[in-house]
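Worksheet for the structure shown next.
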Amino acid sequence: MFIYLILGLAFSASITGEVFGPKNPAEKKFWNPLSVNIHLNGYKTTYLDASNSFVFHNVPDGIYVLEVLDHKHYYKTIVLEVLGENVVARDSNIFKGERIVYPLRMQAEKRHVYFEEREAFSIMSIFMNPMLLMTGFMLAVAFLMPKMKMDPEQMQEMKDMQKQMNSGWMSSLLSPPS
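When the letters of the sequence shown are read in order and numbered with mature numbering (1 follows the signal peptide of the UniProt record, and there is no 0), they come out as residues -17 to -1, 1 to 161.
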């Protein structure tokens, strides 16, 4: 058992890298390296040292996902392939999958936005309300339809159609049972 442990450590690598804050000086003042966690497959965690670098010691062969977690900034997720002392880093995006230079140098890409800014008041937002639009349409129909003039031929056709509806099989469906 002790021999397997020694061999396992002999064929393991150390994963190293540096984490940098945002490039924008206005956002850099919000970056706190003490709040940054680095996770390897979600179960190994390390923190940044004074020089903003990190190390995972004795990582056995395999494929790992490295995430930098910061509550204010977003970093790329990286997939690492460890084979003995060799470490190959790739972008986690399935479609790009481009290689990343090792040792890792990770830059904050953007700031997390947790809240949306509230919309400013607009009088058009009141008038574009669906309930107000439906009410306005119904009022327009109720007041404008009776004022529309129909020629006598159309009026006679409508009366004939109503008589046919009332005298046919449809009236038996619409009338209540006696």
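Positions of the beta carbon are idealized from the N, C-alpha and C atoms, including for glycine.
Do you know whose CA, among the options, lies nearest residue i's CA?
{"i": "Arg91", "options": "Leu63, Lys55, Ser(-6)", "result": "Reading off the sequence, residue 91 comes out as Ala, not Arg. For Ala91, the nearest C-alpha among the options comes from Lys55."}
{"i": "Asn15", "options": "Leu31, Asp74, Glu100", "result": "Leu31"}
{"i": "Glu64", "options": "Lys142, Asp134, Ser(-4), Met144", "result": "Ser(-4)"}
{"i": "Lys11", "options": "Tyr57, Lys27, Tyr97", "result": "Tyr57"}
{"i": "Tyr85", "options": "Tyr97, Lys79, Ala72", "result": "Ala72"}
{"i": "Ser(-6)", "options": "Ser108, Glu140, Val2, Pro43", "result": "Pro43"}
{"i": "Asn35", "options": "Tyr26, Gly45, Tyr97, Ser18", "result": "Ser18"}
{"i": "Gly45", "options": "Thr29, Gln137, Leu66, Phe39", "result": "Leu66"}
{"i": "Glu68", "options": "Ile83, Met121, Gly25, Asn41", "result": "Asn41"}
{"i": "His95", "options": "Asp134, Tyr26, Met133, Asp53", "result": "Asp53"}
Under 7 Å, do residue i and residue j count as touching if we go by C-beta distance?
{"i": "Ile21", "j": "Val51", "result": "yes"}
{"i": "Gly(-1)", "j": "Phe37", "result": "yes"}
{"i": "Val48", "j": "Val70", "result": "no"}
{"i": "Met89", "j": "Val2", "result": "yes"}
{"i": "Leu23", "j": "Phe13", "result": "no"}
What are the partner residues of residue i, as DSSP defines its beta bridges?
{"i": "Val51", "result": "Ile21"}
{"i": "Lys59", "result": "DSSP, once it has assigned bridges, lists no residue as partnering Lys59."}
{"i": "Asn69", "result": "Leu66"}
{"i": "Ile(-3)", "result": "Phe39"}
{"i": "Lys27", "result": "Leu23"}
{"i": "Phe3", "result": "Gln90"}
{"i": "Asp74", "result": "Ile61"}
Whole-angstrom Cβ separation of residue i and residue j, contact assumed at under 8 Å?
{"i": "Lys59", "j": "Asp74", "result": "6 Å"}
{"i": "Ile109", "j": "Leu115", "result": "7 Å"}
Against chain B, with Cβ distances strictly below 7 Å, would residue i count as a contact?
{"i": "Pro43", "result": "Looking at the structure shown, chain B is missing, and only one protein chain is on hand."}
Would the beta-carbon of residue i be found less than 6 Å away from any heavy atom of the ligand ZN?
{"i": "Val48", "result": "This structure lacks the ligand ZN; in fact it carries no ligand of any kind."}
| task | Any chance you could list the alpha helix (DSSP H) runs of at least 4 consecutive residues sitting entirely within the segment 81 to 131, in chain order? | result | Here the runs fully enclosed are 106 to 110, 113 to 127.
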